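Structure record follows, encoded as C-alpha cells.
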Amino acid sequence: MRLSLKSFLGTLEKTPFKKLLERLERYVTKKAELLEHVDPDRIYVENVRSFLGVSEPIARFLCEQAARDGQFNKKVGVVCVTCDRIVVSIDADDTYPEDLTCEICEDLERESEDFRTINFYQLEQRATA
Ligand SMILES: [Zn+2]
Numbered sequence: 088m089r090l091s092l093k094s095f096l097g098t099l100e101k102t103p104f105k106k107l108l109e110r111l112e113r114y115v116t117k118k119a120e121l122l123e124h125v126d127p128d129r130i131y132v133e134n135v136r137s138f139l140g141v142s143e144p145i146a147r148f149l150c151e152q153a154a155r156d157g158q159f160n161k162k163v164g165v166v167c168v169t170c171d172r173i174v175v176s177i178d179a180d181d182t183y184p185e186d187l188t189c190e191i192c193e194d195l196e197r198e199s200e201d202f203r204t205i206n207f208y209q210l211e212q213r214a215t216a
C-alpha cells in the first residue's frame with residue numbers, strides 16, 4: 088500500500104504533535120497579548136506573576152532582583168482612596184510628599200484625604216545611542 092503525501096499530511100494533522108503545536112501557538116499568543124497590556128512605566132508584581140505563571144512571592148523576588156540589577160526602577164504610587172487614581176508617583180527611596188491633594192476629587196468637590204500606596208516598577212530606559 089502506497090501512502091500519498093496528502094494522506095500522510097492528513098495523518099500528521101491528526102497526531103498529538105499538531106495539538107501540541109496548536110497549544111503552543113495559543114500559549115504564545117496569550118503571552119503576547121499579556122505583554123501588550125503591560126505598560127513599561129507601570130509594571131506590577133501581578134503582571135509579572137501572570138506573565139510568567141509563577142507564584143506571587145517568586146514574581147516579587149524577580150522584580151526586586153531586576154531592580155537591584157538596574158533593569159527596573161522601584162516606584163511608589165500614591166493613590167487617592169476616593170477615586171483610586173495615582174496622584175503622584177515617587178522613587179521608592181524618595182520621601183513621601185506632604186500636603187497631598189487629588190485634583191480630580193477637588194474639582195468634583197469630593198473629599199479626598201485618604202491616600203494609600205502601591206508599589207510598582209518602571210522599566211529602566213537606557214539610551215540606545
Ligand atoms: Zn481622587
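167 is the number that our numbering gives to position 80 of the sequence shown; each next residue is one higher, with no gaps. Note that CB positions come from ideal geometry on N, CA and C, so glycine has one too. Since this is a predicted model, take the numbers as computed values, not measurements.
Any non-hydrogen atom of ligand 1 closer than 7 Å to residue i Cβ
i: T182; result: no
i: I191; result: yes
i: C150; result: no
i: S176; result: no
i: R136; result: no
i: T116; result: no
i: R203; result: no
i: R110; result: no
i: S142; result: no
CB-CB length for residue i against residue j, believed under 8 Å
i: C189; j: V174; result: 5 Å
i: F202; j: R129; result: That belief does not hold up - the Cβ atoms of F202 and R129 are roughly 18 Å apart, past 8 Å.
i: L187; j: V165; result: 6 Å
i: V163; j: S176; result: 7 Å
i: D178; j: N160; result: 7 Å
i: A210; j: P127; result: The sequence given here places Leu at residue 210; Ala does not occur at that position. So it is a contact: roughly 4 Å between Cβ atoms.
Buried versus exposed call for residue i [16 or more other C-beta atoms within 10 Å across all chains shown]
i: V115; result: exposed
i: K105; result: exposed
i: S91; result: exposed
i: S199; result: buried
i: A119; result: exposed
Residue interval of the beta strand (DSSP E) (run including residue i)
i: I130; result: Taken as a continuous stretch (DSSP letters only), I130 belongs to no beta strand (DSSP E), as it is neither H nor E.
i: R203; result: 202 to 210
Alpha helix (DSSP H) segment containing residue i, residue limits
i: Y114; result: 103 to 123
i: C167; result: Here C167 belongs to no alpha helix (DSSP H); instead the beta strand (DSSP E) covers 159 to 167.
i: D181; result: Taken as a continuous stretch (DSSP letters only), D181 belongs to no alpha helix (DSSP H), as it is neither H nor E.
i: R219; result: A query on residue 219 cannot be resolved here, the shown segment of the chain reaching from 88 to 216 and no further.
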